[in-house]
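Here the protein sequences line up with chains A and B, keeping their order.
For the first sequence, the positions run 1 to 252 when full-length UniProt numbering is used.
For the second sequence, the positions run 1 to 252 when full-length UniProt numbering is used.
Every residue gets a Cβ at the ideal spot worked out from N, C-alpha and C, and that includes glycine.
Note that the structure is a prediction, hence the values are computed from the model and not measured.
Structure record follows, encoded as C-alpha cells.
Number of protein chains: 2
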Amino acid sequence: MNEQSETIAMSESPAEGETRRSADSSERAYNTIRKLLVEFKLKPEERINEVQLSRSLGVSRTPIREALNRLASEGFVSLTPNRGFFVRSLSTEGLLDLYELRTIIECAAFRLMCQRAEDDQLERLRAYWTAIVEGYQDHPPDVILAEDEGFHLLIAELSGNPELVHQLSSINARIRFIRRIQIEHRTHDKAQVSSHSAIVEAAMNRDIERGVELLRNHIEMTVSATQQALKDALLKVFAPGDASSKTRRRRA
Amino acid sequence: MNEQSETIAMSESPAEGETRRSADSSERAYNTIRKLLVEFKLKPEERINEVQLSRSLGVSRTPIREALNRLASEGFVSLTPNRGFFVRSLSTEGLLDLYELRTIIECAAFRLMCQRAEDDQLERLRAYWTAIVEGYQDHPPDVILAEDEGFHLLIAELSGNPELVHQLSSINARIRFIRRIQIEHRTHDKAQVSSHSAIVEAAMNRDIERGVELLRNHIEMTVSATQQALKDALLKVFAPGDASSKTRRRRA
DNA sequence: CGTCAAGAAAGTGTCGACACTATTGCGTTC
DNA sequence: GAACGCAATAGTGTCGACACTTTCTTGACG
C-alpha cells in the first residue's frame, strides 16, 4: 500500500462563517468522499475501506458511514450487506441512462416553466444568461460547468416544482465528473453558447415545442462527445503510473 | 446476547426492491421507520427523537441514524444540523409536485418502452395485467396497491432504463401512504381497471401518443380523489381521542 | 502438485459513552 | 408582571471498542 497516513484535506463549501465550531464531520466527509468519487480517486468497482478512509480524513468511521449511506441513496456507491460499500461504476451505458433521465427532467421542466412562469421570471432567466455569456468561453472549466448547471437548474426552479430541482441536482452531481472532462476538451463551446441563447429565446416566446427540441438536441449533442471523454477518463484513471500529463489541477 | 425485547415489532415490508437487502438492524430500522412515517405514527413537522426511537425499536442509535440518513436522502425526513431529523410534511402542494414528477417519469418510460421493447416483452406486460385483472377489485387494498405499483414499475423496466425504475420506486414509496388511503376509499376501481387495460392495448400497438395521454389522465384522475383522501388522512391523524384502538387496520 | 480446511487477519455492523449544542425552566432585575 | 440571563436538562454528533462475518494464509492430506 501507499502512504495512507496522510490526511486528505477536507474541502469545505465557503458558505457559513458563523458556526465553525461543530463543523459537522459528516457533512465534510460527504463532500470530500463525493469529490474523491468524482475525481476517480476512488476507482469504479473498488471496495471502499472505511477504516482507511476514516484514517485519511482524520475522523472516526461513524461520519464516514453516514456519508456513505447518503451517497448510496444517491447512487454514487452501492452497499452489499456484510461486505461494505463499493464504488458504483459508471459504464458508458449507465451514463447514457443518466443523460436520458436528465433529458426527460429538463424537457418537462422547460414545458412547465413556459406554462407557469411569470414574465418577470422568464426575464430572470434571460438576465442570468446574458450576465454570463460575455466571458463564457474564457472562463476556467469549473466556472463554465457551474454556470451551465446554474442555467439548467434555474429552468427547473422556474418550473415551480421543487422535486424537479432536487432530481436535477442529484443527476448533475453524478455526471459532473464527466462533464468537467468534456468541457476541458473544448469541443463545442460555441455550439453550446448558441444553444443556450436559443433556449432563452424559445422560453421568452413560450415556445414549448421549440424549446424542448433545442434542449433535447443540446443534451444529445454532448452525449457523443461525452462518450469519447469517458474513454479518456477511464484511460487516465487506469493508466499505469506515469501521470506525466498535466492534470487539471489549477490551485484547488 | 442479542436477545432484544422488541417493543415495536419490526416488520419486513415486501414492498419493492431498492438495491440492498439484508436482515441487519439498519435495514429493519429503515423499514420500520418508513412504515411509521407512512402510517403517520410519526406526525408531520414532528421532531424525531433518536433515543426514544432506538429504545422503541430495541437497537442502538447507530442503525437508527443510518436509516434516518437514507430516509433523508429519499425525502421522507429532513435534517437540520444540530437539531436533528424532522418528519417532512407532505402538504397538498408537495404531494401534487410528486404526482407531477411521477407523471413525467411514467410517460417518458412508456414512450421509451414503445420505442425499444421487443414484442415478447410487451407480451409480458399484457400477461402481467391479465393475470391480476380477474380478482382485482376483490383483493385487499395492500394487494391492489402492490399490483398497481408492479404494473407501472414493469413499464419502467421495459423502458430499458434502470434509472427510471429507481426513480419511480422512490416516488412510489413516498406517495404510498396516500395511495393506500385512497384505494381504501374505493372511489374509482373500475375506471382504474379499464385505464390499465387501455394502457396495455396502447402499448401492444406501440401507440405512444395515446398511451401517454392515457397515463396522464390515469394519474391525474387519482389526484383529485387523492386530495380528498389527504384531508381525511390528516384529519384521522390529528383527530383527538378515539383513534386509539383501530388506527391500523381499517379494511373495507 | 492441487484441493481443501482450519486458523489468522481484515473489515463491517452495532454498541455504550462522552462532548458539545440546543432547549427548557427558574430566579433575578427593572 | 414581563423581559432577560443563567443554570439544568435533553438531545445530537462523534468516538473507540467489540462481536460477528468475510477474506486471506497456511499447512495437511489426497
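Exercise. Assess, as a yes-or-no matter, whether the region 105 to 113 of chain A is touched by the region 214 to 223 of chain A under the definition of 3 or more beta carbon pairs within less than 8 Å.
Key: yes
Quiz prompt | Residue range of the beta strand (DSSP E) that includes G84 of chain A | solution = Counting from 1 along the first sequence, the entry for residue 84 of chain A is found at position 84. That run of the beta strand (DSSP E) goes 84 to 87.
Practice problem: Note the first and the last residue of the continuous alpha helix (DSSP H) segment covering L37 of chain A. | Solution: By one-based count along the first sequence, residue 37 of chain A stands at place 37. Start and end: 25 to 38.
Practice problem: Measure the C-alpha to C-alpha separation of D97 of chain A and T62 of chain A and round it to an integer number of angstroms. | Solution: As a position in the first sequence, residue 97 of chain A is number 97, starting the count at 1. As a position in the first sequence, residue 62 of chain A is number 62, starting the count at 1. Cα-Cα distance, rounded: 33 Å.
Quiz item: Between the region 45 to 57 of chain B and the region 36 to 51 of chain A, do at least 3 Cβ pairs fall closer than 8 Å?
Solution: no
Self-check item: Residues of its chain near I171 of chain B, where Cβ-Cβ distance is below 8 Å and the 5 sequence neighbours each way are ignored
Solution: Against the second sequence, residue 171 of chain B aligns to sequence position 171. Cβ within range, chain order: L98, L101, R102, I105.
Quiz item: So the alpha helix (DSSP H) V143 of chain B belongs to, where does it begin and stop?
Solution: As a working mapping, residue 143 of chain B is identified with position 143 in the second sequence. Residues 141 to 158.
Quiz item: Does the Cβ of A229 of chain A have 16 or more other Cβ atoms within 10 Å, making it buried, or fewer, making it exposed?
Solution: To locate residue 229 of chain A, count along the first sequence from 1; it is residue 229. A229 of chain A should be labelled buried.
Quiz item: Thinking just about the alpha-carbon of each residue, which of A:W129, A:V87, A:M204 is nearest to the one in K41 of chain A?
Solution: Translated into positions along the first sequence, residue 41 of chain A becomes position 41. Considering only alpha carbons, the answer is A:V87.
Self-check item: Beta bridge counterpart(s) of L101 of chain B as assigned by DSSP
Solution: Your numbering for residue 101 of chain B matches position 101 in the second sequence. Its beta-bridge partners do not exist; DSSP assigns none.
Exercise. Could you tell me if R176 of chain B is buried or exposed, where buried requires 16 or more neighbouring beta carbons within 10 angstroms of its beta carbon?
Key: Translated into the one-based positions of the second sequence, residue 176 of chain B becomes position 176. It counts as buried.
Practice problem: Taking D138 of chain B as the query, report the chain A residues whose CB atoms sit under 8 Å from its CB, ordered along the chain. | Solution: In the second sequence, counting from the first residue as 1, residue 138 of chain B sits at position 138. Those within 8 Å of D138 of chain B in chain A number zero; the least Cβ separation is about 35 Å.
Quiz item: V165 of chain B to P141 of chain B, Cα distance in whole Å?
Solution: Against the second sequence, residue 165 of chain B aligns to sequence position 165. Against the second sequence, residue 141 of chain B aligns to sequence position 141. If you take the alpha carbons of V165 of chain B and P141 of chain B, they lie about 23 Å apart.
Practice problem: Give the DSSP bridge partners of R179 of chain B, in chain order. | Solution: As a first step, residue 179 of chain B must be located in the second sequence, where it is residue number 179. The partner list for R179 of chain B (beta bridge, DSSP) is empty, contrary to what the question assumes.
Quiz item: Where S78 of chain A and H139 of chain A are concerned, what is the direct C-alpha to C-alpha distance, given to the nearest angstrom?
Solution: For the purposes of this step, residue 78 of chain A is taken as the residue at position 78 of the first sequence. For the purposes of this step, residue 139 of chain A is taken as the residue at position 139 of the first sequence. The straight-line gap from Cα to Cα measures roughly 35 Å.
Quiz item: Exposed or buried, A29 of chain A, counting other C-beta atoms within 10 Å across all chains shown (16 or more means buried)?
Solution: Counting from one through the first sequence, the residue named residue 29 of chain A turns up at place 29. That one is buried.
Exercise. Flag N205 of chain A as yes when its Cβ comes closer than 8 Å to any non-hydrogen atom of the ligand FMN, and as no otherwise.
Key: The model depicted lacks the ligand FMN and carries no ligand whatsoever.
Quiz prompt | Where I208 of chain A falls: helix, strand or coil (DSSP) | solution = By one-based count along the first sequence, residue 208 of chain A stands at place 208. Helix.
Quiz item: How many Å lie between Y136 of chain B and K190 of chain B at the Cα?
Solution: For this step, residue 136 of chain B is matched to residue 136 along the second sequence. For this step, residue 190 of chain B is matched to residue 190 along the second sequence. Going from the Cα of Y136 of chain B to the Cα of K190 of chain B covers about 10 Å.
Self-check item: Cα-Cα separation between L235 of chain A and D207 of chain B, rounded to whole angstroms
Solution: Locating residue 235 of chain A in the first sequence gives position 235, where the first residue counts as 1. Locating residue 207 of chain B in the second sequence gives position 207, where the first residue counts as 1. So the alpha carbons of these two residues sit roughly 43 Å apart.
Quiz item: What's the C-alpha gap between W129 of chain A and E157 of chain A?
Solution: To locate residue 129 of chain A, count along the first sequence from 1; it is residue 129. To locate residue 157 of chain A, count along the first sequence from 1; it is residue 157. Whole-angstrom Cα-Cα distance: 15 Å.
Exercise. May I ask which residues mark the beginning and end of the beta strand (DSSP E) holding S54 of chain A?
Key: Taking the first residue of the first sequence as 1, we reach residue 54 of chain A at position 54. From DSSP, S54 of chain A is part of no beta strand (DSSP E) but of the alpha helix (DSSP H) over 50 to 57.
Quiz item: Of the choices A:S194, A:D148, A:A198, whose alpha-carbon is the least far from that of I183 of chain A?
Solution: Locating residue 183 of chain A in the first sequence gives position 183, counting from the first residue. Ranking A:S194, A:D148, A:A198 by Cα distance to I183 of chain A puts A:D148 first.
Quiz item: Since S73 of chain B is in the alpha helix (DSSP H), which residue starts that stretch and which ends it?
Solution: Residue 73 of chain B sits at position 73 when you count from the first residue of the second sequence. Here the alpha helix (DSSP H) through S73 of chain B covers 61 to 73.
Quiz item: Closest Cβ-Cβ distance between G150 of chain A and chain B: below 9 Å?
Solution: On the first sequence, position 150 is the one that residue 150 of chain A refers to. No - not a single Cβ of chain B is within 9 Å of the one on G150 of chain A.
Quiz item: Can you list, in chain order, the residues of the region 45 to 77 of chain B whose Cβ is nearer than 9 Å to any Cβ on chain A?
Solution: T62, R65, E66, A67, N69, R70, L71, A72, S73, E74, G75
Quiz item: V223 of chain B: which of B:I199, B:A198, B:A127, B:R179 sits nearest, CA to CA?
Solution: By 1-based counting over the second sequence, the position of residue 223 of chain B is 223. Closest option to V223 of chain B, Cα to Cα, is B:R179.
Quiz item: In chain B, which residues lie less than 7 Å from E118 of chain A when you measure between Cβ atoms?
Solution: As a first step, residue 118 of chain A must be located in the first sequence, where it is residue number 118. In chain order: nothing, as chain B lies at least about 18 Å away.
Practice problem: Could you tell me which chain B residues have their CB closer than 8 Å to the CB of L101 of chain A, listed as they occur along the chain? | Solution: For this step, residue 101 of chain A is matched to residue 101 along the first sequence. Under the 8 Å cutoff, chain B gives N161, E163, L164, Q167.
Quiz item: Using the rule of at least 16 other Cβ atoms within 10 Å of the residue's Cβ for burial, across every protein chain shown, is residue 337 of chain A buried or exposed?
Solution: Given that chain A is displayed from residue 1 to residue 252, the structure contains no residue 337 of chain A and the question cannot be resolved.
Quiz item: On the three-state DSSP scale, how would you describe L79 of chain B?
Solution: Reading the second sequence from its first residue, position 79 is the one you call residue 79 of chain B. Of the three classes helix, strand and coil, the one that applies to L79 of chain B here is strand, per DSSP.
Quiz prompt | Members of the region 168 to 200 of chain B that neighbour chain A once the beta carbon cut-off is set at 7 Å | solution = none
Self-check item: Minimum Cβ-Cβ distance from L112 of chain B to chain A less than 9 Å
Solution: In the second sequence, residue 112 of chain B corresponds to position 112, counting from 1. Yes, its Cβ sits closer than 9 Å to a Cβ of chain A.
Quiz prompt | Short CB-CB distance (under 9 Å) between P141 of chain B and chain A | solution = Walking along the second sequence from the start, residue 141 of chain B turns up at place 141. No, no contact with chain A.
Exercise. Please confirm if L98 of chain B has its CB atom under 9 Å from at least one CB of chain A.
Key: Taking the first residue of the second sequence as position 1, residue 98 of chain B is located at position 98. Yes, contact with chain A.
Quiz prompt | Among B:A131, B:C114, B:P162, nearest to R210 of chain B - alpha-carbon criterion | solution = Working through the second sequence from its first residue, we reach residue 210 of chain B at position 210. The shortest Cα separation from R210 of chain B among B:A131, B:C114, B:P162 belongs to B:C114.
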